[in-house]
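What follows is a short report on a single structure.
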Amino acid sequence: MIRIISKMLPVAACFCCMQPLAAQEYRLSSPDKKTELRISVTDSIRYSVFRNGTQLVNSSVVHLVTSADNAGGFKVKKAVSSKTDQWLQPVVQQKNSRIRDQFNAMSLAFKNKLELQWRAYDNGIAWRWVTAIQNPYTVNEEKVTISLSSGSKSWYPVEEGFMSHNERLYQQLPVDSISGKHSLASLPALFETNGVKLMVTESDLLDYAGMWLQSSGNGVLQGTFPHYPTRVELTSDRDEPVRERASFLAKKTAPATLPWRLIMIAENDKDLLTNQLVYQLATPSTGDFSWVKPGKAIWDWWNDNNIYGVDFRAGINTATYKYYIDFAAKNGVEYVVFDEGWCPTRDLLHPKPEMDMDELSSYAASKNVGLILWVNWYALDKQMDEALALFAKWKVRGIKVDFMQRDDQPMVNFYERTAKAAAAHHMMVDFHGAYKPTGIYRTYPNVMSFEGVYGMEQSKWDPQKLIGPDHNVTFPFIRMAAGPADYTPGAMLNAQRDDWAPIWSNPMSLGTRCHQLAMYVVFESPLQMLADNPTHYYKEPECMEFLKSVPAVWDSTIAVSGKVGEHILTARKALNGDWYIGAMSNWTARELPLDLSFLPEGKYKMQIWKDGINADRNAQDFKMETISVTKQSRLMLKLAPGGGFVARLTAE
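Positions 1 to 652 (this note's numbering) are the ones given, in order, by the sequence shown.
Following this line, the structure appears as structure tokens:
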């Protein structure tokens with residue numbers, strides 16, 4: 001049952017706001033009273049953030065300029081505060097089946113028909129602009145600054161320009177050193193100041209341009225936005241870079257709410273792993289999405305269809321995909337992805353002759369396996385109605401949309417248009433070549449996952465060995481805090497650093513076998529991939545015992561321990577009551593204490609997959625064992641370099 005407490009209070013009586021002074025000063029505290037926002041309105045608007053009395057964000061400017069000629073300037077005509085405490089029940093349970101949404105809020109309405117809304121949560125703060133402008137107008141400038149103290153650190157995803165897949169490593173840079181042409185970064189980005197982590201991103205990005213960061217020097221980060229494109233040029237079968245842009249960010253035709261600017265706050269690194277503010281701030285869904293079915297999918301592209309031990313020529317053809325469908329049916333895998341190659345990239349209506357889609361559709365349906373089709377975004381944009389109608393005839397359950405590489409307003413609108421059209425046909429969506437998640441997975445729960453992450457596909461061509469354990473225990477604290485990440489785990493060929501090389505058609509992963517298995521507990525994607533060759537999975541029945549059972553959505557999530565770039569230890573309760581535990585390390589071997597006091601009363605059978613004694617030499621070495629445990633049990637986990645650990649706990 002959803003419980004809502006929402007009281008609109010005049011500022012003078014507000015539990016968290018002082019009577020406005022001549023300079024129009026306001027304060028807003030989080031429900032736990034530990035975080036305080038201080039807002040000052042003069043000819044500009046400034047805010048600062050404090051945690052336990054320590055200043056985290058120095059005085060910083062927010063501002064909005066539209067084309068509307070509205071008199072009055074930033075003079076507050078009304079200030080209203082409120083508090084909310086409610087339980088949200090996500091359609092798709094990425095982390096939890098219930099989310100407590102508790103915050104204190106303040107709304108400042110100005111005489112120029114603009115309004116600035118603020119929220120303070122126990123684990124972050126957010127603000128957004130609301131316009132009351134009736135006639136068509138443009139948003140010419142939005143100013144967002146975040147001023148940090150000297151000595152602050154960052155995990156900064158440096159970008160070269162606004163056209164990007166947003167698949168970046170996080171460079172550890174002193175904030176004071178970020179400058180010049182290398183100061184552009186996509187979101188989310190992580191900072192540490194005065195021992196507290198601040199994760200910057202946005203939520204509820206709809207009909208607007210995405211926000212990026214750049215440094216203006218002296219520890220000041222500022223938002224920057226791709227302006228509205230006025231001329232684009234198609235340069236390949238999928239790339240459409242912008243050649244000219246307007247002087248404004250976005251066009252609007254009516255009153256509007258702009259995206260939330262969000263700063264997550266975590267005194268302990270592990271708390272970033274359970275932060276769901278991006279979801280909480282997003283627009284709720286409307287309509288019936290009960291048909292959405294999360295699950296796992298066997299994926300063809302990473303392993304290059306390099307199956308063997310069969311009596312047909314493997315490749316993009318009907319026989320090969322029947323093999324995938326058979327594997328999925330035998331192992332309880334809900335979906336098979338047909339990636340690039342099943343049709344011409346610019347024509348979604350005519351499959352290649354080697355692909356008998358009618359036969360494959362009937363065969364998959366007979367095996368109770370769903371099909372997901374890769375599509376080039378440009379072709380989908382041109383053929384959306386006809387293509388989705390044809391896919392529905394084939395009983396397709398989802399689409400994987402690729403290569404957008406932009407987040408200006410027209411492209412952001414493409415995401416929503418796609419999600420809405422797919423929902424009308426009861427199809428799920430997985431966005432690749434995509435910007436970071438910003439909450440559309442709440443607004444349209446058929447949007448299951450996003451790339452926008454430096455993922456395992458890099459292991460097909462990464463000679464610098466960067467797609468390894470160090471990165472794998474970094475991005476979950478940053479990118480994954482924004483929403484699901486389609487990293488595509490599941491490699492069965494695993495290697496330590498000195499034994500690894502990129503091989504396109506027979507790729508391997510960096511780190512141990514149990515490091516890969518742990519990704520299914522640590523990483524979040526309600527449409528979770530099994531990226532490797534089905535032939536390899538058939539040869540690994542012990543690992544398939546785990547991969548068959550591990551779900552893609554969760555009743556509850558507990559971050560047991562974690563430190564950015566070092567290790568993660570996560571416990572999750574499945575919807576059926578089973579518990580799963582996953583641990584991952586960077587290239588440092590380590591021991592991690594595991595306290596099982598989070599378990600309910602009773603005895604549990606604990607099936608364990610752990611690094612073998614020789615996993616530091618042969619990364620495929622692992623050991624299985626089964627023990628009995630209770631909530632009083634305490635274990636010490638031993639992880640090899642690049643190592644991992646997983647366990648499944650079932651009630652005895």
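Each residue gets a CB set at the ideal place from its N, CA and C atoms; glycine is no exception.
My output table needs one value for residue i: the three-state DSSP class, helix, strand or coil.
| i | result |
| --- | --- |
| methionine 411 | helix |
| aspartate 578 | coil |
| tryptophan 155 | strand |
| histidine 536 | helix |
| isoleucine 325 | helix |
| asparagine 140 | strand |
| tyrosine 604 | strand |
| glutamine 276 | coil |
| phenylalanine 450 | strand |
| glycine 644 | strand |
| isoleucine 399 | strand |
| serine 236 | coil |
| methionine 163 | coil |
| serine 149 | coil |
| glutamate 625 | strand |
| methionine 264 | strand |
| aspartate 176 | helix |
| leucine 21 | Reliability fails at leucine 21, whose pLDDT of 43 lies under 50, so the model's placement of it is uncertain and no value is given. |
| arginine 27 | strand |
| proline 476 | helix |
| tyrosine 47 | strand |
Do the CB positions of residue i and residue j come within less than 9 Å of each other?
| i | j | result |
| --- | --- | --- |
| tyrosine 378 | arginine 238 | yes |
| glycine 223 | glutamate 142 | yes |
| arginine 479 | proline 188 | yes |
| leucine 390 | phenylalanine 338 | no |
| tyrosine 335 | glycine 398 | yes |
| isoleucine 125 | leucine 221 | no |
| aspartate 176 | glycine 151 | yes |
| glutamate 566 | arginine 590 | yes |
| proline 157 | aspartate 204 | no |
| asparagine 123 | methionine 211 | no |
| alanine 615 | threonine 535 | no |
| serine 505 | arginine 648 | no |
| aspartate 407 | alanine 250 | no |
| alanine 485 | valine 453 | yes |
| alanine 79 | asparagine 104 | no |
| asparagine 112 | glycine 72 | yes |
| glutamine 134 | tryptophan 127 | no |
| valine 139 | phenylalanine 248 | yes |
| aspartate 271 | alanine 559 | yes |
| valine 242 | proline 255 | no |
| glycine 483 | valine 200 | no |
| threonine 283 | threonine 418 | no |
| proline 294 | alanine 491 | no |
| proline 502 | aspartate 462 | yes |
| glutamine 409 | aspartate 207 | yes |
| tryptophan 342 | isoleucine 316 | yes |
Relative to the C-alpha of residue i, which residue among the options is closest?
| i | options | result |
| --- | --- | --- |
| alanine 495 | Lys465, Arg231, Met519, Ala481 | Lys465 |
| leucine 173 | Gly219, Tyr441, Ser147, Tyr208 | Gly219 |
| glutamine 632 | Asn618, Leu594, Trp127 | Leu594 |
| valine 144 | Trp129, Gln134, Glu115 | Trp129 |
| phenylalanine 440 | His426, Lys420, Ser459 | According to the sequence provided, residue 440 is isoleucine. The question's phenylalanine does not apply to it. Per the Cα distances, Lys420. |
| alanine 531 | Ala647, Ser152, Lys623, Pro489 | Pro489 |
| alanine 651 | Phe475, Ala328, Thr66, Pro600 | Pro600 |
| aspartate 402 | Trp260, Trp374, Lys382, Tyr208 | Trp374 |
| leucine 596 | Asn104, Val646, Thr630, Val200 | Thr630 |
| methionine 428 | Gln528, Pro502, Val473, Met456 | Gln528 |
| leucine 510 | Ala619, Gly315, Arg231, Lys573 | Ala619 |
Thinking residue i and residue j are a contact (beta carbons under 8 Å), I'd like their distance in whole angstroms, please.
| i | j | result |
| --- | --- | --- |
| glutamate 167 | threonine 438 | That pair is no contact at about 17 Å. |
| glutamate 340 | tryptophan 301 | 7 Å |
| valine 564 | phenylalanine 477 | 5 Å |
| threonine 274 | threonine 42 | At roughly 38 Å, the Cβ-Cβ gap does not stay under 8 Å, so threonine 274 and threonine 42 are not in contact. |
| phenylalanine 546 | valine 646 | 6 Å |
| serine 585 | valine 473 | 7 Å |
| phenylalanine 640 | aspartate 611 | Strictly speaking, residue 640 in this sequence is alanine, with phenylalanine absent from that position. Yes, they are in contact, since the Cβ atoms of alanine 640 and aspartate 611 sit about 4 Å apart, within 8 Å. |
| lysine 330 | threonine 131 | Wrong, their Cβ atoms sit about 55 Å apart, outside the cutoff. |
| asparagine 305 | threonine 320 | 6 Å |
Give a yes or no on whether the minimum CB-CB distance between residue i and chain D is below 9 Å.
| i | result |
| --- | --- |
| leucine 206 | The structure shown contains no chain D; it holds only a single protein chain. |
task: Ignoring anything shorter than 4 residues or poking outside the region 498-572, list the alpha helix (DSSP H) runs there in chain order.
output: 513-522, 534-538, 541-549
task: Could you name each continuous beta strand (DSSP E) segment of 3 residues or more that falls completely within the region 57-114, going from the start of the chain to the end?
output: 76-88, 99-110
Those runs of the alpha helix (DSSP H) which lie wholly inside the region 319-383 and span at least 4 residues: 357-366
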